[in-house]
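First up is the structure itself, then whatever we jot down about it.
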Amino acid sequence: YRNGGFTNLRLSTGQKKRLALTTCIIEDKPIYIFDEVAADLDPEFRDKYYYQIIRELRARNKTVIVVSHDRYYWTVPDRLLEMANGKMRELTRAEIDSLLKLNKPAGD
37 YRNGGFTNLR LSTGQKKRLA LTTCIIEDKP IYIFDEVAAD LDPEFRDKYY
87 YQIIRELRAR NKTVIVVSHD RYYWTVPDRL LEMANGKMRE LTRAEIDSLL
137 KLNKPAGD
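Count along the sequence shown starting at 1, add 36, and that's the number in my numbering.
Here you go:
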């Protein structure tokens, strides 16, 4: 749903994104791809609902792919892939934890 498919509604960008996210989840698909899901969402919504949404989808055995530069999302996945210099590699849990502690982006 690019821009949530709600281009004619008089909603803020964040409201459109929340509506698109809700619509996407209601459709009950086997795979969900969230590309920069937190962009334009207020921190309160993100903090309150993000983990709840991911837990619910995982409980329903859905595949969830999250694309994000924000380390906030690194604590949730079963697997974390890093794309750097045109290559992809899987980070270990120890690498993820270490980067989170150092507050450094992957690849540095």
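Every residue, glycine too, gets a C-beta built ideally from N, C-alpha and C. Nothing here was measured: the structure is a model prediction, and the numbers come from that model.
Which of helix, strand or coil does DSSP assign to residue i?
i: ALA120; result: strand
i: GLU63; result: coil
i: ARG96; result: coil
i: GLY77; result: According to the sequence shown, residue 77 is Leu rather than Gly. If DSSP states are grouped into helix, strand and coil, LEU77 belongs with coil.
i: ASP106; result: coil
i: ARG46; result: coil
Can you tell me where the alpha helix (DSSP H) holding residue i begins and where it ends?
i: THR99; result: Careful: THR99 lies outside any alpha helix (DSSP H), inside the beta strand (DSSP E) at 99 to 103.
Going by the DSSP bridge assignment, what does residue i pair with across the sheet?
i: LEU127; result: LEU116
May I ask which residues mark the beginning and end of the beta strand (DSSP E) holding residue i?
i: TYR68; result: 67 to 71
Would you report the Cα separation of residue i and residue j, rounded to the nearest angstrom?
i: LEU77; j: ILE89; result: 14 Å
i: GLU131; j: LEU117; result: 11 Å
i: ARG82; j: ILE67; result: 21 Å
i: TYR37; j: ARG91; result: With a pLDDT of 44 at TYR37, under the threshold of 50, the predicted position of this residue should be treated as unreliable, and no value is reported.
i: TYR87; j: TRP110; result: 11 Å
i: LYS65; j: LYS123; result: 29 Å
Tell me whether residue i is buried or exposed, calling it buried when 16 or more other Cβ atoms sit within 10 Å of its Cβ.
i: ASP144; result: For ASP144, the predicted model reports a pLDDT of 48, less than 50, meaning its position is unreliable and no value from the coordinates is stated.
i: LYS53; result: buried
i: ALA74; result: buried
i: VAL103; result: exposed
i: LEU138; result: exposed
i: LEU136; result: exposed
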